[in-house]
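Using the numbering used here, you'd call the opening residue of the sequence shown number 3 and step up by one each time.
The block underneath contains the structure these notes are about, expressed in structure tokens.
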Amino acid sequence: MKHRAFVVSATSLLLAFAIISCGNGDVKERIPIGEKAAFLVLEDEQLVQPAPKAAVDRYGALVNPFPVLNVPMYRYVKGPSYDIFIGIALPNDGENPVDSIAQYSGSRLVARSENGEHVSLSMRRGDTSYVVTFPAALSNPRMVVAYVTTDSTAATAWFTDVAAMKRIGTPE
């Protein structure tokens, strides 16, 4: 019984650490998104330009495999154990980009969260967990922030904490 309590406590501690490490930290640089916003890159992350082929392929397989939706990658940020992709959703024929990604048969929708500020999708494909967030403030053009990792606990923390929204700041 004590072992079980320790495992639960350790898991809770790791989850809290993941939330803190994903959402907080010193800002190293800002990726401009339009004239009024920027994505904040933290000290332990690196903006990689150009994105390596492996990152482009991973992004394409998870976030841009749709015949009715084009989501070109805008920027790639490499984290210690995760990747963050920023894309631009360009729907064809009035397709809803959120629904297209949520209903993609190559991945499993784990959870969906939305309010007036964002729509977030927690997805899983094989051993990869990813969270796709559509910030409402970045709707013209429609921007997409995708957090991709093999650590399902970190992905759950990113989704639960809506960490992508905490990373949208001003361009300064």
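All residues carry an ideal CB built from backbone N, CA and C; glycine is no exception.
Remember, it's a predicted structure, so these values are computed and weren't measured experimentally.
Identify whether G25 lies in helix, strand or coil by the three-state DSSP scheme. Residue confidence for G25 is low, a pLDDT of 45 falling below 50, so the modelled location carries little weight and cannot support an answer.
Quick one: is P99 buried, meaning 16 or more other Cβ sit within 10 Å of its Cβ, or exposed? buried
If you pair each beta-carbon of the segment 104 to 116 with each one of the segment 53 to 60, do three or more pairs fall below 8 Å? no
Rounded to the nearest angstrom, what separates I88 and P34 at their Cα positions? 11 Å
If you draw a straight line from the C-alpha of I176 to the C-alpha of V65, how long is it? Residue 176 is absent from the model: the chain starts at 3 and stops at 174.
Terminal residues of the beta strand (DSSP E) in which K201 lies: This structure does not reach residue 201, given that the chain is present from 3 up to 174, and the question cannot be answered.
Hey, quick one: how far does the beta strand (DSSP E) through V146 stretch, first residue to last? 144 to 151
Considering only their Cβ atoms, is the gap separating V146 from V73 smaller than 8 Å? Against a cut-off of 8 Å, the Cβ pair of V146 and V73 comes out as a contact.
For A159, tell me which candidate among E119, D28, E47, S124 has the shortest Cα-Cα distance. When only C-alpha atoms are compared, the closest one is S124.
Please report the distance separating the alpha-carbon of L42 from that of G36. Rounded to whole angstroms, L42 to G36 spans 14 Å at the Cα level.
Spatially closest choice to T152 from Y78, S131, E45, by CA coordinates: S131
Beta strand (DSSP E) containing L140: first to last residue? First-last for L140: undefined, no H or E at that position.
Residues in its own chain within less than 7 Å of A138 by CB, not counting five upstream and five downstream? G118, E119, H120
Host alpha helix (DSSP H) of S107 (start-end): Per DSSP, S107 belongs to no alpha helix (DSSP H) and is neither H nor E.
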